[in-house]
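So the structure is just underneath, and the comments pick up after that.
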Amino acid sequence: MDQQAIEERNALHEEIAHLREELALYRNTFQQSALGAYIYQLEDLHDDRTLRMIAANPVVESLTGVAPETIIGRTLDENFPGLRAQGVPQAFAEVVRSGQPFETEQVYGDGRVIESAFAFRAVPLGNNCLAVTFENITQRKQTELALQQLNAELEQRVIERTEALHYNQALLQSLLDNSPAAIYVKDLHGRFLLVNHYTSALLNTTPDQMQQKLDTELFPEAFAMQWRTNEQQALDAGKPISLEETVTQADGLHTFFSIRIPIYNEDGEAWAIGGISTDITERKRQEEQLMMFQTLVENALDAIQVLRAEDAAIIYLNKAHRDMYRCGDRHIGQSIAVIVAEHEQPRLSGIIEEVNAHGCWQGTMTHVRHDGSTFMASESCFAMYDEQGKPNYMVGIVRDISEQVALEQERAALQQQVIETQRHILHELSTPLIPVAEDVLIMPLIGTIDSGRAQQMMETLLEGVASQPVRIAILDITGVVTVDTQVAQTLIQAAQAVKLLGAQVILTGIQPQIAQTLVHLGVDLSHIVTYSSLHTGITYALHREHAANHRLH
29 MDQQAIEERN ALHEEIAHLR EELALYRNTF QQSALGAYIY QLEDLHDDRT LRMIAANPVV
89 ESLTGVAPET IIGRTLDENF PGLRAQGVPQ AFAEVVRSGQ PFETEQVYGD GRVIESAFAF
149 RAVPLGNNCL AVTFENITQR KQTELALQQL NAELEQRVIE RTEALHYNQA LLQSLLDNSP
209 AAIYVKDLHG RFLLVNHYTS ALLNTTPDQM QQKLDTELFP EAFAMQWRTN EQQALDAGKP
269 ISLEETVTQA DGLHTFFSIR IPIYNEDGEA WAIGGISTDI TERKRQEEQL MMFQTLVENA
329 LDAIQVLRAE DAAIIYLNKA HRDMYRCGDR HIGQSIAVIV AEHEQPRLSG IIEEVNAHGC
389 WQGTMTHVRH DGSTFMASES CFAMYDEQGK PNYMVGIVRD ISEQVALEQE RAALQQQVIE
449 TQRHILHELS TPLIPVAEDV LIMPLIGTID SGRAQQMMET LLEGVASQPV RIAILDITGV
509 VTVDTQVAQT LIQAAQAVKL LGAQVILTGI QPQIAQTLVH LGVDLSHIVT YSSLHTGITY
569 ALHREHAANH RLH
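Per the working numbering, residue 29 is the first one in the sequence shown, and the count goes up by one each step.
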């Protein structure tokens with residue numbers, strides 16, 4: 029053998045040894061691989077059912093539960109019949125025919141193979157063979173599925189929280205915009221970061237137009253600087269502070285109750301200042317009015333009580349009440365009956381009903397003090413109503429009129445005395461007796477004579493005649509308007525009574541119309557001396573008196 033042949037043979041032996049080493053390396057890699065590995069040969073390029081397994085590494089048993097020796101030499105369909113429905117044999121045959129690798133993931137299980145998820149990779153090897161490596165990815169798939177589920181849950185939570193955040197933001201914005209207070213947030217330089225509609229309405233602008241603007245751009249500088257001074261107090265204090273502020277508006281000066289709130293970041297550093305300002309102008313006015321009325325009520329001279337309408341219990345009383353009833357605060361919580369005298373108690377329920385039904389009552393009644401003494405009181409009561417128009421309180425205003433009643437009684441007594449005196453004077457004036465001589469009296473009658481005056485005339489005339497040495501009594505009716513039967517009978521009876529006392533009656537002042545009336549009435553005056561005038565009657569009487577005196581001498 030020549031040298032060249034020897035060299036070629038040696039080279040061939042070396043190449044074979046090298047190939048054997050590579051084969052041993054590949055076989056060792058094949059046997060030690062953590063991936064399962066099958067080697068198939070497509071016996072008929074046109075029939076994918078002829079894919080026959082010619083090798084398998086040991087790890088396939090741990091991955092599939094099937095020992096290699098039980099499946100080597102069998103076709104793929106014989107070993108794993110369920111893969112055809114998933115298109116696996118068809119794809120593997122195409123790898124042999126096309127020379128292109130193929131990858132897939134499938135879930136497979138049968139009577140021998142535990143159902144699991146597998147990842148397959150098929151690569152062509154030549155000589156109509158292909159290598160299939162696979163791994164059991166069940167746990168990975170479960171982990172991926174769990175991660176996907178967790179991710180879906182997280183995404184759902186994010187969606188829900190985002191929606192909740194948007195909802196809460198909408199609620200907060202609605203709350204801010206419908207709040208009857210000015211609410212805002214500014215940075216430490218005085219720039220507005222957030223304002224509600226109430227705040228912007230104070231400036232006749234919108235929240236968007238106020239944001240990112242300095243307070244000095246929107247408000248008078250003096251006010252803005254005072255505002256910042258107040259905010260600095262909250263920052264220095266490190267906590268919210270409250271104070272009252274005044275702001276000039278179109279309709280005048282307004283008072284606000286304001287709260288300044290420092291706002292801190294996660295590092296505890298103040299980065300903004302919040303404020304809530306409520307217009308208390310009307311409340312301040314009402315408080316001032318309330319204070320004024322409280323002062324008026326407390327300093328009123330009349331006793332004032334406020335009662336609950338439901339049970340007439342006293343819930344308020346003023347100083348005058350405490351002084352008038354000498355009770356201190358003992359009447360608080362007690363029924364109004366505590367101040368009413370016992371004999372007046374039956375009236376009380378009716379008065380309360382009238383106030384509740386008609387809204388008010390006025391009158392007088394006897395009240396009783398804490399020490400048991402009583403006094404006459406003038407009282408005015410009225411009802412106070414709730415929003416439904418039902419009485420919820422009653423107010424009583426009481427004035428002690430004891431002195432007034434005493435003065436009224438004294439005045440009435442004096443008035444009665446005056447009346448009696450006037451009656452006596454009128455009595456004397458209506459039927460006067462006037463002496464014109466020692467034993468001559470005149471009773472001039474004027475006006476209308478009724479039965480009362482006729483009786484009075486009779487009594488006066490008889491008393492005068494009986495008490496004096498009278499011989500002649502002249503009844504002058506010149507001033508009498510009319511003479512009727514009653515008057516005529518009175519005159520006749522007077523003449524008869526005087527005659528019984530030893531005196532004579534002369535009737536004067538008979539006017540023609542009266543004479544005619546007496547004739548029509550049929551009055552008999554034959555036993556009475558009559559004259560048409562008082563003058564002739566007096567002359568007659570004096571002449572008779574003179575003649576009588578002459579006979580005596």
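The C-beta atom is built at its ideal place from N, Cα and C for all residues, glycine as well. Because the structure is a prediction, the values reported are computed rather than measured.
What residue range is occupied by the uninterrupted alpha helix (DSSP H) comprising residue i?
{"i": "Val-526", "result": "513-528"}
{"i": "Pro-208", "result": "Taken as a continuous stretch (DSSP letters only), Pro-208 belongs to no alpha helix (DSSP H), as it is neither H nor E."}
{"i": "Val-94", "result": "Segment: none, Val-94 is in no alpha helix (DSSP H) and carries neither H nor E."}
{"i": "Thr-283", "result": "Per DSSP, Thr-283 belongs to no alpha helix (DSSP H); it is in the beta strand (DSSP E), 280-292."}
{"i": "Tyr-226", "result": "225-229"}
{"i": "Thr-309", "result": "309-326"}
{"i": "His-117", "result": "Note that residue 117 is Pro in the sequence shown here, rather than His. Looking at the DSSP string, the run of the alpha helix (DSSP H) that includes Pro-117 is 116-126."}
{"i": "Asp-30", "result": "First-last for Asp-30: undefined, no H or E at that position."}
{"i": "Leu-263", "result": "249-265"}
{"i": "Leu-246", "result": "243-246"}
{"i": "Leu-104", "result": "104-107"}
{"i": "Gln-237", "result": "235-238"}
Identify every residue that forms a DSSP beta bridge with residue i.
{"i": "His-217", "result": "The partner list for His-217 (beta bridge, DSSP) is empty, contrary to what the question assumes."}
{"i": "Pro-540", "result": "Looking at the DSSP assignment, Pro-540 forms no beta bridge with any residue, so it has no partner."}
{"i": "Ile-301", "result": "Lys-214 and Pro-290"}
{"i": "Thr-161", "result": "Ala-65 and Arg-149"}
{"i": "Gln-532", "result": "Ile-500"}
{"i": "Ala-331", "result": "Val-426"}
{"i": "Glu-131", "result": "Arg-149"}
When you measure from the CB of residue i to every non-hydrogen atom of the ligand MG, does any distance come out below 7 Å?
{"i": "Met-393", "result": "Of the ligands one can find in the structure shown there are none, so the ligand MG has no counterpart to examine."}
With DSSP run on the structure shown, which of helix, strand or coil describes residue i?
{"i": "Glu-71", "result": "coil"}
{"i": "Tyr-353", "result": "helix"}
{"i": "Tyr-195", "result": "helix"}
{"i": "Tyr-568", "result": "helix"}
{"i": "Tyr-136", "result": "strand"}
{"i": "Ala-39", "result": "helix"}
{"i": "Pro-463", "result": "strand"}
{"i": "Ile-477", "result": "coil"}
{"i": "Val-186", "result": "helix"}
{"i": "Gly-492", "result": "helix"}
{"i": "Ser-144", "result": "strand"}
{"i": "Asp-552", "result": "coil"}
{"i": "Val-468", "result": "strand"}
{"i": "His-395", "result": "strand"}
{"i": "Arg-336", "result": "strand"}
{"i": "Ala-601", "result": "Here the chain comprises residues numbered 29 to 581, so residue 601 is not present and cannot be evaluated."}
{"i": "Ala-341", "result": "strand"}
{"i": "Gln-390", "result": "strand"}
{"i": "Gly-154", "result": "strand"}
{"i": "Asp-295", "result": "coil"}
{"i": "Ile-560", "result": "Note that residue 560 is Ser in the sequence shown here, rather than Ile. Three-state result, Ser-560: coil."}
{"i": "Val-368", "result": "strand"}
{"i": "Glu-456", "result": "Low per-residue confidence applies at Glu-456: pLDDT is 49, beneath 50, and the placement is therefore not dependable enough to give any value."}
{"i": "Thr-510", "result": "coil"}
{"i": "Ile-360", "result": "coil"}
{"i": "Ile-505", "result": "strand"}
Can you tell me the Cβ-Cβ gap for residue i and residue j, rounded? I've got them flagged as a contact below 8 Å.
{"i": "Glu-163", "j": "Leu-70", "result": "Actually they do not touch by this definition, with Cβ atoms about 23 Å apart."}
{"i": "Gln-239", "j": "Leu-221", "result": "7 Å"}
{"i": "Val-325", "j": "Asn-346", "result": "5 Å"}
{"i": "Phe-410", "j": "Val-368", "result": "18 Å between Cβ atoms; not a contact."}
{"i": "Phe-130", "j": "Ala-121", "result": "Actually they are not in contact, since the Cβ atoms of Phe-130 and Ala-121 sit about 10 Å apart, beyond 8 Å."}
{"i": "Leu-104", "j": "Pro-117", "result": "5 Å"}
{"i": "Val-511", "j": "Thr-545", "result": "5 Å"}
{"i": "Arg-37", "j": "Gly-93", "result": "Arg-37 to Gly-93, Cβ: 49 Å. No contact."}
Could you tell me the boundaries of the beta strand (DSSP E) in which residue i lies?
{"i": "Val-423", "result": "419-428"}
{"i": "Ser-408", "result": "402-413"}
{"i": "Thr-276", "result": "269-277"}
{"i": "Ala-84", "result": "79-84"}
>> Contact between the stretch 390-409 and the stretch 346-354 is defined here as three or more beta-carbon pairs at a separation below 8 Å; is this criterion met?
In response: yes
> When the Cβ atoms of the stretch 290-308 are set against those of the stretch 193-211, are three or more pairs found closer than 8 Å?
Replying inline: yes
> When the Cβ atoms of the stretch 552-562 are set against those of the stretch 534-541, are three or more pairs found closer than 8 Å?
Replying inline: yes
> Between the stretch 484-504 and the stretch 518-529, do at least 3 Cβ pairs fall closer than 8 Å?
Replying inline: yes
>> Across the stretch 503-516 and the stretch 465-482, are there enough close Cβ pairs to call them in contact, namely three or more that are closer than 8 Å?
In response: yes
> Does the count of Cβ pairs from the stretch 314-333 and the stretch 286-305 closer than 8 Å reach three?
Replying inline: no
> Are the stretch 132-152 and the stretch 35-45 in contact at 8 Å, needing three or more beta carbon pairs?
Replying inline: no
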